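Residue numbers (my numbering), protein chains in the order written: chain F, 655 to 1008; chain Y, 88 to 339; chain V, 993 to 1285. Beta carbons are placed, not taken as given, at the ideal position from N, Cα and C, and that holds for glycine. Remember, it's a predicted structure, so these values are computed and weren't measured experimentally.
Have a look at this one:
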């Protein structure tokens, strides 16, 4: 069982990278070597890492293209923020409250993922991608239109405006349509973020190396053969998709509790965000959780590093993205790299060929 | 009682009768061949037996259980496993994992157990690894256990497909052109393997094959399909000498 | 009467979607890729006309022609530089590259024109159509948009079915390898498809900005996505499908804005798409392809 040990070792390295990064960051912060701008990015890093890993479960392990992951993030963010805001005054043990918020966010996103998955997973390829995109937009759109308040008579919901809620005087507005939720307790921090990254990794890596994970990967590799050996295709696709949605929900919880005002905009929960997450996954390597992590951090960091270029930074970002894709994926570039490697390290490549 | 009893099976695609009046009875432990010219409907018959297509009419009874019109996975659970004409392995998974997917339904633990690494995970995984390695040894694949399935040579891939099918613990094994693309030496080796599988696992086997050396070498009984209908069936030597069969293959 | 006017506006918006969807659909059919940058080509087309008409005082028709040429060159260049090297690579890689191109075009526009909204001058100067004693007024932009789209749709169908180059396109979209063996210039045909798609995008850009006269670097993004939805709606790869999908999408969007909720109109549009795809997984006019076992 040499191979199993290799996998375990690989996973341990991934966990190790996260922990080491955490320690280095803490040292930098403690010694005052980290700008406040960078410190403000620490929790977003964790958010993006989690959601990238979660999408990689769908894209790399299940083999389906989802363009609606920001929608699941949105569900996680709003359901948990709503909870935290509602119980803020009565439930003052912050860590415990946040734990409940995470569970609520994950479960709501899982529920929506499950419901979306039932129809969507019947479709194939690009059709699945466009329908997930549509679902993501629907979720964002509906959340933007929700007004929710609470008073002595219970909870009031409206999709029209605040007036039609008919709140009594002691009532409280919790979700104000497009203005979203304000006053969410600031419960997330970098340490919690890193713990959640580790938990996400633990869930996904263990899932991949288990009976269910193998079933999911067999469907990815050859659906017809998987059916022929008795794999319930619909069931395992749904399991993987639901777990993926739940983890995206967790990322949303972390995101929501890092901001005092939460509203669903195209740039945080629209298809643009879903696409950005997909960019992390593809650049980091489809199916490689470690790659997703690194790509998420580097690509979030890149615009900040390029800040000195002022207006040109997003332009450079776009060019870097295109060039990296061409360099990594173009058949010509791959051949050229191989030839170069053969020239520089003749011995090693000979061994590989043999 | 026969292991497989198929009566009057038929399916048509948009008016084209791909298979009609297909009947076959296979006794337990038999090595049975299904032959016929290209396009005669052999693979379609396999797809009907394994539930990839639902038959328009007819019945399929496996070991006394009626499995007509059931889903592929239920037919697999009922005891039919197959290989494919164009190899369908889980190409990005290891050779060992390919077989372990075949063991999926006989070794169970929940998704939660797998994620949380409860004791049952380690116990079941150990049992699965041992069982899978046993199967790989039968086919001489144990040293390739950690390879990616797509990196195996062609002949080995065919063997791995058989190993994976056997992992589902079938009563009836369907092989779709197992010798396709093999050289005479490989075919000879394959014949021994098929016979060994039948004896070692006490298996009933139905195979589609064009290689007459293989067919006459190992099959006890044959059914010949032509234009979707049964042309002739019976003992191998009888069938192969039947003038109708020779005509179907060689033309007038 | 108000229903008819909503309907006319819906058809007009739908015609713009249809034009964009045609480009999406043709490119998808032939290169099997989702060209996410297509919406941004529309935006560039809009800016070219804007600069031509407002800053340089060129005649609108000439400006549109220039815009079509610029977009055609742009489309072919994008294909040559960013997509052609990836032929044969994973479709996901091409998709991400297209997203990169989309960011690039948006940011180039942002650098040149700034992020402020430009008021687009309507290039259609014909009088509005007044019906039923002025109870129903349909703007000339609406009519021109609808007419132009229909003419282009018919022209394109004739082109694809009747000309040698058009049939080469069909052949390449069916099977690149076989087309190459039959002596078809595959690279040339793909470039031609991008050229046609991009010049249509320029026209769509002008019509879109004439009807909704505000132009920003992100103008093309949402209509692009919606047109893509329209293409899927009608059956991607099919010209009449893209047209029907576009019109339907525009009408549903406008009517739900008018009668149900303006905030939820996008949600309604997307819900209809999902329902259509669940009933007919390859779209209204899409072909069903079965996997061979």
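Query raised in the report: Looking at C-alpha atoms only, which residue of 204(Y), 219(Y) and 174(Y) is the closest neighbour of residue 882(F)?
Result: In the first chain, the residue the question calls residue 882(F) occupies position 228. The candidate whose alpha carbon is nearest that of residue 882(F) is 174(Y).
Report task. Consult DSSP for residue 94(Y) and reduce its assignment to one of helix, strand or coil. Result -> Indexing the second chain from 1 puts residue 94(Y) at position 7. Strand, per DSSP.
Requested in this report: Could you tell me how far apart the beta carbons of residue 838(F) and residue 916(F) are, in whole angstroms, since I believe they sit closer than 8 Å?
Outcome: Residue numbering aside, residue 838(F) sits at position 184 when the first chain is read from its first letter. Residue numbering aside, residue 916(F) sits at position 262 when the first chain is read from its first letter. Contact holds; Cβ gap of about 6 Å.
Requested in this report: Rank 1220(V), 1231(V), 1247(V) and 1191(V) by C-alpha distance to the C-alpha of residue 1063(V) and give the top, closest one.
Outcome: In the third chain, counting from the first residue as 1, residue 1063(V) sits at position 71. Distances from the alpha-carbon of residue 1063(V) to those of 1220(V), 1231(V), 1247(V) and 1191(V) put 1191(V) closest.
Query raised in the report: So, is the C-beta of residue 1180(V) closer than 8 Å to a C-beta in chain F?
Result: To locate residue 1180(V), count along the third chain from 1; it is residue 188. No, its Cβ sits nowhere closer than 8 Å to a Cβ of chain F.
Query raised in the report: Using the rule of at least 16 other Cβ atoms within 10 Å of the residue's Cβ for burial, across every protein chain shown, is residue 1051(V) buried or exposed?
Result: Start at 1 with the first residue of the third chain, and residue 1051(V) comes out as number 59. Its Cβ having fewer than 16 others within 10 Å, residue 1051(V) is exposed.
Query raised in the report: Leaving out the 5 sequence neighbours to the left and right, which residues in its chain are closer than 7 Å to residue 1126(V) when beta-carbon positions are compared?
Result: Locating residue 1126(V) in the third chain gives position 134, counting from the first residue. If we look at residue 1126(V) and ignore the five residues flanking it on each side, it has no Cβ neighbours.
Query raised in the report: Any idea what DSSP makes of residue 287(Y), helix, strand or coil?
Result: Position 200 of the second chain, counted from the start, is the residue given in the question as residue 287(Y). DSSP places residue 287(Y) within a helical segment (H, G or I) once states are collapsed to three.
Report task. Give me the Cα-Cα distance between residue 875(F) and residue 236(Y), rounded to the nearest whole angstrom. Result -> One-based indexing of the first chain puts residue 875(F) at position 221. One-based indexing of the second chain puts residue 236(Y) at position 149. About 11 Å.
Report task. Please name the residue, chosen from 904(F), 686(F) and 914(F), that lies closest to residue 703(F) on a Cα-to-Cα basis. Result -> To locate residue 703(F), count along the first chain from 1; it is residue 49. Residue 904(F) is the option with its Cα nearest to residue 703(F).
Query raised in the report: Between residue 1220(V) and chain F, is there a C-beta pair that is closer than 8 Å?
Result: For the purposes of this step, residue 1220(V) is identified with residue 228 of the third chain, where counting begins at 1. Interface criterion met: the Cβ of residue 1220(V) is under 8 Å from a Cβ in chain F.
Query raised in the report: Count the other CB atoms within 10 Å of the CB of residue 1060(V); is the residue buried (16 or more) or exposed (fewer)?
Result: Locating residue 1060(V) in the third chain gives position 68, counting from the first residue. With at least 16 other beta carbons inside 10 angstroms of its own, residue 1060(V) counts as buried.
Query raised in the report: Given that residue 785(F) touches chain V, what residues does it touch there, using C-beta distances under 7 Å?
Result: Taking the first chain and counting its residues from 1, the one referred to as residue 785(F) is at position 131. Within 7 Å Cβ-Cβ: 1266 and 1269.
**Report entry** Cα-Cα separation between residue 1274(V) and residue 785(F), rounded to whole angstroms
**Finding:** Taking the third chain and counting its residues from 1, the one referred to as residue 1274(V) is at position 282. Taking the first chain and counting its residues from 1, the one referred to as residue 785(F) is at position 131. CA-to-CA, the gap between residue 1274(V) and residue 785(F) works out to about 12 Å.
Query - Straight-line gap, residue 248(Y) to residue 1082(V) (C-alpha atoms, nearest Å) - result: Here residue 248(Y) refers to the residue found at position 161 of the second chain. Here residue 1082(V) refers to the residue found at position 90 of the third chain. Going from the Cα of residue 248(Y) to the Cα of residue 1082(V) covers about 26 Å.
Query raised in the report: In terms of alpha-carbon separation, which member of 810(F), 809(F), 801(F) and 828(F) lies closest to residue 816(F)?
Result: To locate residue 816(F), count along the first chain from 1; it is residue 162. 801(F) is the residue among 810(F), 809(F), 801(F) and 828(F) whose C-alpha sits nearest the C-alpha of residue 816(F).
Query - Cβ pair count under 8 Å reaching 3, the region 1099–1106 of chain V against the region 984–1001 of chain F - result: With the rule of 3 Cβ pairs closer than 8 Å, the region 1099–1106 of chain V does not count as touching the region 984–1001 of chain F.
**Report entry** Endpoints, the alpha helix (DSSP H) within which residue 781(F) is located
**Finding:** Along the first chain, one-based indexing puts residue 781(F) at 127. Going by DSSP, residue 781(F) is part of the alpha helix (DSSP H) stretching over 779–799.
Query raised in the report: Taking 8 Å as the CB-CB cut-off, is residue 867(F) touching chain Y?
Result: Within the first chain, residue 867(F) is the residue found at index 213, counting from 1. Against chain Y, the CB of residue 867(F) has a partner CB under 8 Å away; the residue lies at that interface.
Query raised in the report: Can you give the Cα-Cα distance for residue 300(Y) and residue 333(Y), rounded to whole angstroms?
Result: On the second chain, residue 300(Y) is found 213 positions in, with the first residue counted as 1. On the second chain, residue 333(Y) is found 246 positions in, with the first residue counted as 1. C-alpha separation (whole angstroms): 15 Å.
Query raised in the report: DSSP on residue 212(Y), reduced to helix/strand/coil?
Result: Stepping through the second chain from its first residue, residue 212(Y) is reached at position 125. Collapsing the DSSP output to three states places residue 212(Y) in a helix.
Query raised in the report: At least one CB of chain F closer than 8 Å to the CB of residue 1256(V): is that the case?
Result: For the purposes of this step, residue 1256(V) is taken as residue 264 along the third chain, with counting starting at 1. At a cut-off of 8 Å between beta-carbon atoms, residue 1256(V) makes contact with chain F.
Query raised in the report: Within 8 Å (strictly less), CB to CB, does residue 100(Y) reach chain F?
Result: In the second chain, counting from the first residue as 1, residue 100(Y) sits at position 13. Residue 100(Y) has a beta carbon lying at 8 Å or more from every beta carbon in chain F.
Query raised in the report: Between which two residues does the alpha helix (DSSP H) harbouring residue 1106(V) extend?
Result: The residue labelled residue 1106(V) in the question sits at position 114 within the third chain. Premise fails: residue 1106(V) is in no alpha helix (DSSP H) and is neither H nor E.
**Report entry** Inter-residue spacing [alpha-carbon to alpha-carbon] between residue 754(F) and residue 913(F)
**Finding:** Taking the first chain and counting its residues from 1, the one referred to as residue 754(F) is at position 100. Taking the first chain and counting its residues from 1, the one referred to as residue 913(F) is at position 259. Those two C-alpha atoms are separated by around 18 Å.
Query - Members of the region 964–976 of chain F that neighbour chain V once the beta carbon cut-off is set at 8 Å - result: Within the region 964–976 of chain F, the residues whose Cβ lies closer than 8 Å to some Cβ of chain V are 965, 966, 968, 969, 971, 972, 973, 975 and 976, listed in chain order.
Query raised in the report: Does residue 664(F) come within less than 8 Å of chain Y when only Cβ atoms are used?
Result: Taking the first chain and counting its residues from 1, one reaches residue 664(F) at position 10. The beta carbon of residue 664(F) sits no closer than 8 Å to any beta carbon of chain Y.
Query - Contact residues within the region 1102–1127 of chain V, judged by C-beta distance below 8 Å to chain F - result: Within the region 1102–1127 of chain V, the qualifying residues are 1102 and 1103.
Report task. Go ahead and label residue 221(Y) buried or exposed: buried means 16 or more other beta carbons lie within 10 angstroms of its beta carbon, across all protein chains shown. Result -> Numbered from 1 along the second chain, position 134 holds the residue referred to as residue 221(Y). With fewer than 16 other Cβ atoms within 10 Å, it is exposed.
Query raised in the report: Nearest CA to the CA of residue 282(Y): which residue from 240(Y), 304(Y) and 263(Y)?
Result: For this step, residue 282(Y) is matched to residue 195 along the second chain. Cα-wise, what sits closest to residue 282(Y) is 304(Y).
**Report entry** Close beta carbons around residue 1222(V), own chain, < 6 Å, minus the five adjacent residues each side
**Finding:** As a position in the third chain, residue 1222(V) is number 230, starting the count at 1. Within its own chain, the residues whose Cβ lies closer than 6 Å to the Cβ of residue 1222(V), once the five positions on either side in sequence are excluded, are 1009, 1013, 1237, 1238 and 1241, listed in chain order.
Report task. Using three-state DSSP, classify residue 675(F) as helix, strand or coil. Result -> Reading the first chain from its first residue, position 21 is the one you call residue 675(F). Three-state result, residue 675(F): helix.
Query - DSSP beta-bridge partners of residue 263(Y) - result: What you label residue 263(Y) is simply residue 176 of the second chain in a count that begins at 1. Answer is 295(Y).
Query raised in the report: Can you find a C-beta in chain V that's less than 8 Å from the C-beta of residue 979(F)?
Result: As a first step, residue 979(F) must be located in the first chain, where it is residue number 325. Yes - at least one Cβ of chain V is within 8 Å of the one on residue 979(F).
Requested in this report: Under 8 Å by Cβ, that's how I've got residue 1004(V) and residue 1138(V) pegged, so tell me the actual separation to the nearest angstrom.
Outcome: On the third chain, residue 1004(V) is found 12 positions in, with the first residue counted as 1. On the third chain, residue 1138(V) is found 146 positions in, with the first residue counted as 1. Their Cβ separation, rounded to whole angstroms, is 6 Å, which keeps residue 1004(V) and residue 1138(V) in contact under 8 Å.
Query raised in the report: Roughly how many whole angstroms lie between the Cα atoms of residue 208(Y) and residue 217(Y)?
Result: Residue numbering aside, residue 208(Y) sits at position 121 when the second chain is read from its first letter. Residue numbering aside, residue 217(Y) sits at position 130 when the second chain is read from its first letter. Straight-line Cα distance between these residues: approximately 14 Å.
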